[in-house]
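Asks:
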Amino acid sequence: MRLAGRRVLLGVSGGIASYKACTIARRLTEAGAAVDAVLTASASEFVRPVTFEALTGRPVLASLWERDRALSHVHLAHDAELVVLAPATAHLLARAALGLADDLLSAILLATRAPVLMAPAMNDDMFAHPATQANVTALERRGWVRVGPAVGPLAEGPSDRPGRMAEPEEIVAYAERLLLAPASAVNGRCVVVTAGPTREYLDAVRVVTNPSSGRMGYAIAAAAFARGARVVLVSGPTTLPTPWGVERRNVTTTAEMREAVEATLPGTDVLVMAAAPADFQPTRPGEGKRPRGDGQLTVELQPTADILESTVGARRRGGVTVGFALEHGDGLDRARDKLRRKRLDLVVLNRADDPEGGFQVETNRVTFVTADGVRAFDVLSKRDVAERLLDEIEQRL
Numbered sequence: 192m193r194l195a196g197r198r199v200l201l202g203v204s205g206g207i208a209s210y211k212a213c214t215i216a217r218r219l220t221e222a223g224a225a226v227d228a229v230l231t232a233s234a235s236e237f238v239r240p241v242t243f244e245a246l247t248g249r250p251v252l253a254s255l256w257e258r259d260r261a262l263s264h265v266h267l268a269h270d271a272e273l274v275v276l277a278p279a280t281a282h283l284l285a286r287a288a289l290g291l292a293d294d295l296l297s298a299i300l301l302a303t304r305a306p307v308l309m310a311p312a313m314n315d316d317m318f319a320h321p322a323t324q325a326n327v328t329a330l331e332r333r334g335w336v337r338v339g340p341a342v343g344p345l346a347e348g349p350s351d352r353p354g355r356m357a358e359p360e361e362i363v364a365y366a367e368r369l370l371l372a373p374a375s376a377v378n379g380r381c382v383v384v385t386a387g388p389t390r391e392y393l394d395a396v397r398v399v400t401n402p403s404s405g406r407m408g409y410a411i412a413a414a415a416f417a418r419g420a421r422v423v424l425v426s427g428p429t430t431l432p433t434p435w436g437v438e439r440r441n442v443t444t445t446a447e448m449r450e451a452v453e454a455t456l457p458g459t460d461v462l463v464m465a466a467a468p469a470d471f472q473p474t475r476p477g478e479g480k481r482p483r484g485d486g487q488l489t490v491e492l493q494p495t496a497d498i499l500e501s502t503v504g505a506r507r508r509g510g511v512t513v514g515f516a517l518e519h520g521d522g523l524d525r526a527r528d529k530l531r532r533k534r535l536d537l538v539v540l541n542r543a544d545d546p547e548g549g550f551q552v553e554t555n556r557v558t559f560v561t562a563d564g565v566r567a568f569d570v571l572s573k574r575d576v577a578e579r580l581l582d583e584i585e586q587r588l
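According to my numbering, the sequence shown is numbered sequentially starting from 192.
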């Protein structure tokens, strides 16, 4: 698990968004982190401490005055590798900006040396108030990192101004980044990832494509962002949401994907071609929609441009380039040929006939093929495959 052994302190203050902190606690725990939840008195009016104890498997603290825990604020502050404040109410931000320490959470904030990630959540007028803006600015100058607030419905109704707490998944994504980036070789580097299928039009409405979901490429993009990279995701048509913090560039055809990749190459440190571009396109696409009543349709296809071959000369020296090879049956020899012919650092081989890998599934069974040898993995989630791939990339950087 990518956060195994990491210590996170989750500070929850009293606002209607407190219930979303339960999801944050669960996601961080699922990623392997040891999560210590600290609730203010008002937060305990919204969500009971036992909820966080059940989600994290760890005792929950809510007071400076608990018996036998006189120095809890010092121990928790020093043990934490990251402090996440979600929700961070206007009242908590004001107390923190002033350096008050009148409860357990505010005392921890004064004693900790860990980075602090704050997720403000409040009424939009309260967030816009000059006092709140001054407090947020002061905390950011001290090194605190802010995520949100977002624009969206508030407890009192619709709003078109910031105030709503960022979604739990976004907060977790930035928490992972703060924990993982400092030790990562891709931290501060530009990583370009391609994902999904492309479409080649037979006529105005019919296409040649494949069933790629894009999940593998999106998982790689999310993993690279968590390690501190600036990530550009060149995506064919998918229904997947953009990973938090990732710059997404949408394309449709293979030619558009090639142009988008070529445009990124001057500043790219790592290129991961996880997309499944259509290999063929109609020689003469039809105009408009051909009626079915016209009878038999014969289509002549020609190969599309090979993006990896066409970019060999433009790739950055000292960078890392990864290709994917989807084969039917044992494709090891073809993967080795692809590695050599396209001058790649690594080829990720998987099989289209594997029910637990390839298209339209959450898992993958891959083999890393390099000039140094072959390394095969058993079935993993696509995010776990992405983590292992990033480990390999970091070694090569």
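Positions of the beta carbon are idealized from the N, C-alpha and C atoms, including for glycine.
Between the alpha carbons of residue 565 and residue 440, how many angstroms are there, rounded?
Replies: 33 Å
Asks: The beta strand (DSSP E) that contains residue 497, what's its start and end?
Replies: Note, residue 497: premise wrong, no beta strand (DSSP E); not H, not E.
Asks: With DSSP as the reference, identify every bridge partner of residue 306, one or two as the case may be.
Replies: Partner(s): none; residue 306 has no beta bridge.
Asks: Quick one: what's got a C-beta closer than 7 Å to residue 138's C-beta in the same chain, skipping five residues either side?
Replies: Look at the range of the chain in this structure, 192 to 588, and you will see that residue 138 is not part of it.
Asks: Considering just the uninterrupted stretch of the beta strand (DSSP E) at residue 202, what are its terminal residues?
Replies: 198-203
Asks: Where DSSP assigns a beta bridge to residue 391, which residues make up the other side?
Replies: 399
Asks: Nearest to residue 471 by CA position, among 453, 445, 310 and 202, is which residue?
Replies: 445
Asks: Does the segment 301-310 come close enough to the segment 273-281 that 3 or more CB-CB pairs lie under 8 Å?
Replies: Pairwise C-beta distances place the segment 273-281 in contact with the segment 301-310, as three or more of them are shorter than 8 Å.
Asks: In whole angstroms, give me the CA-to-CA distance for residue 554 and residue 570.
Replies: 7 Å
Asks: Quick one: does residue 314 have its CB under 8 Å from some CB of chain C?
Replies: Although the question refers to chain C, the structure presented lacks it and comprises just one protein chain.
Asks: How would you call residue 573, buried or exposed, if buried means at least 16 neighbouring beta carbons within 10 angstroms?
Replies: buried
Asks: Just to confirm before moving on: does the CB-CB distance between residue 459 and residue 389 stay below 8 Å?
Replies: no
Asks: Give the secondary structure of residue 464 by DSSP, where H, G and I count as helix, E and B as strand, and everything else as coil.
Replies: strand
Asks: Count the other CB atoms, across all protein chains shown, that sit within 10 Å of the CB of residue 520; report buried if there are 16 or more and exposed otherwise.
Replies: exposed
Asks: Is residue 578 near residue 543, with beta carbons less than 8 Å apart?
Replies: no
Asks: Helix, strand or coil: how does DSSP classify residue 254 here?
Replies: coil
Asks: Determine the contact status of residue 425 and residue 451, defining contact as a CB-CB distance below 8 Å.
Replies: yes
Asks: Quick check: what's the CA-CA separation for residue 522 versus residue 469?
Replies: 19 Å
Asks: Can you check the segment 318-367 for any alpha helix (DSSP H) of at least 4 residues that lies completely inside it and give the ranges in chain order?
Replies: Note on the segment 318-367: whole alpha helix (DSSP H) runs with a minimum of 4 residues are 321-332, in chain order.
Asks: Skipping 5 residues on each side, what residues in its chain have a beta carbon closer than 7 Å to that of residue 502?
Replies: Correct list, in chain order: 452, 453 and 456.
Asks: Just tell me which of 541, 524, 497 and 552 has its CA closest to the CA of residue 533.
Replies: 497
Asks: Within 10 Å of its beta-carbon, does residue 549 have 16 or more other beta-carbons around it, so buried, or fewer, so exposed?
Replies: buried
Asks: In whole angstroms, what is the alpha-carbon distance linking residue 396 and residue 557?
Replies: 35 Å
Asks: Look at the Cβ atom of residue 515, then the Cβ atom of residue 539, and state whether they are nearer than 8 Å.
Replies: yes
Asks: What separation, rounded to the nearest whole angstrom, lies between the Cα atoms of residue 536 and residue 321?
Replies: When rounded, the distance between both Cα atoms is 53 Å.
Asks: Kindly list the residues whose CB is nearer than 8 Å to the CB of residue 317, restricted to its own chain and excluding five residues on each side of it in sequence; keep chain order.
Replies: Cβ within range, chain order: 281, 323 and 354.
Asks: Using a Cβ-Cβ cut-off of 7 Å (strictly less than) and excluding sequence neighbours within five positions of residue 352, which residues of its own chain qualify?
Replies: 315, 319 and 342
Asks: Just the Cα atoms here: how many angstroms apart are residue 381 and residue 406?
Replies: 20 Å
Asks: Just the C-alpha distance for residue 240 and residue 213, rounded to the nearest angstrom, thanks.
Replies: Note on geometry: alpha-carbon atoms of residue 240 and residue 213 lie some 10 Å from one another.
Asks: Which same chain residues end up closer than 7 Å to residue 449 when comparing Cβ atoms and leaving out the 5 residues on each side of it in sequence?
Replies: 496, 498 and 501
Asks: Assuming residue 295 contacts residue 345 (C-beta within less than 8 Å), just tell me the rounded distance between them.
Replies: With a Cβ gap of about 28 Å, residue 295 and residue 345 do not count as contacting.
Asks: Less than 7 Å between C-beta atoms, sequence neighbours within five positions excluded: which residues of the same chain meet that for residue 340?
Replies: 311, 312, 318, 353, 354, 355, 356 and 357
Asks: Assuming contact is defined by CB atoms lying nearer than 8 Å, are residue 299 and residue 338 in contact in what I supplied?
Replies: In this structure, residue 338 does not lie closer than 8 Å to residue 299 by Cβ.
Asks: Applying the criterion that 16 or more other CB atoms from any shown protein chain within 10 Å of the CB defines a buried residue, is residue 508 buried or exposed?
Replies: exposed
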